[in-house]
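In the numbering used here, the protein residues as written are 30 to 311.
We treat Cβ as the ideally placed atom computed from N, Cα and C, and that holds for glycine.
Please read the structure below before turning to the comments.
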């Protein structure tokens with residue numbers, strides 16, 4: 030089966046990896062996204078691969094104060110229309126049915142993306158199920174990501190240029206052990222967002238670390254994210270880890286891109302150090 034419309038893959042090829050771009054997919058109405066099948070998946074996933082909380086959150090939600098919904102995972106799904114909740118089922122590729130679905134997605138994507146960024150690895154899938162009106166707070170992710178809207182609608186606001194919105198220190202903190210994806214938000218950020226309204230059959234590519242936040246429409250939303258890492262994403266992460274280590278030791282590393290030789294040496298050093306426990310690359 031084809032997962033993506035061939036014409037939209039041409040647009041994706043032109044803008045990948047640096048810019049957001051919309052695609053069309055063929056998974057809306059697929060039986061793996063029926064609610065009873067998602068409940069069966071939730072029953073088999075390890076607890077650490079299920080995240081859920083109340084969904085009516087501020088855009089700049091403090092991750093340490095995220096309110097829980099007081100329900101179990103299965104009850105959250107069963108009553109998702111009414112319980113004002115947000116849920117993520119992570120690494121769904123551990124289920125063979127969903128693994129096959131992701132394989133179909135990457136069969137379309139890999140030939141296109143690998144021409145720009147080399148092999149696609151750490152291929153993972155995440156399913157998001159959200160009550161009407163739920164908000165995914167302002168955050169960034171370390172992977173290349175295509176969000177595929179399966180049911181309902183959502184508005185995805187993305188900030189392709191994070192300069193002035195996310196500091197170097199915040200980037201570095203993101204890559205420290207325990208660093209959280211959520212970021213502080215200010216109202217004056219709004220004017221720099223690009224807003225995409227996504228309906229079933231729509232998909233959106235989000236570049237690595239492009240900050241974004243999402244609001245669900247008036248009905249239950251189900252979305253699938255297919256994500257992957259590349260040489261580009263790994264190099265960026267290694268550089269941020271190295272710069273964070275330098276800053277913690279009283280030095281002031283240059284902003285990424287300002288001194289290319291520093292960037293290259295710092296990234297290589299962090300990758301080498303990551304092979305040894307307790308070193309700055311960890």
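Reduced DSSP secondary structure (H/G/I, E/B, other) of residue i
i: residue 280; result: coil
i: residue 291; result: helix
i: residue 309; result: For residue 309, the predicted model reports a pLDDT of 46, less than 50, meaning its position is unreliable and no value from the coordinates is stated.
i: residue 215; result: coil
i: residue 193; result: coil
i: residue 168; result: strand
i: residue 100; result: coil
i: residue 151; result: strand
i: residue 70; result: helix
i: residue 299; result: helix
i: residue 64; result: helix
i: residue 322; result: This structure cannot settle anything about residue 322, because the visible part of the chain is limited to 30 through 311.
i: residue 75; result: coil
i: residue 86; result: coil
Residue i, enclosing beta strand (DSSP E) - first and last residue
i: residue 53; result: 50-53
i: residue 176; result: 173-180
i: residue 80; result: 79-83
Residue i, enclosing alpha helix (DSSP H) - first and last residue
i: residue 38; result: 35-44
i: residue 135; result: 125-146
Per DSSP, the bridge partner or partners of residue i
i: residue 188; result: Bridge partners of residue 188: none, in fact.
i: residue 117; result: 80 and 157
i: residue 224; result: 186
**OP:** Check whether the region 165-173 touches the region 83-94, counting contact only when three or more Cβ pairs, one atom from each stretch, lie closer than 8 Å.
**Re:** yes
Original post:
Below 8 Å, can you find three or more Cβ-Cβ pairs linking the region 214-232 to the region 48-61?
Top reply: yes
Original post:
Are the region 113-125 and the region 145-154 touching by the rule of at least three beta carbon pairs closer than 8 Å?
Top reply: yes
**OP:** Could you say if the region 191-201 and the region 267-276 meet the contact criterion of at least three C-beta pairs nearer than 8 Å?
**Re:** yes
Original post:
Which runs of the alpha helix (DSSP H), 4 residues or longer, sit entirely within the region 228-277?
Top reply: 260-277
Subject >> the region 179-188 touching the region 289-301, judged by at least three CB pairs closer than 8 Å >> reply: no
Subject >> the region 65-75 contacting the region 255-262, beta-carbon criterion three pairs below 8 Å >> reply: no
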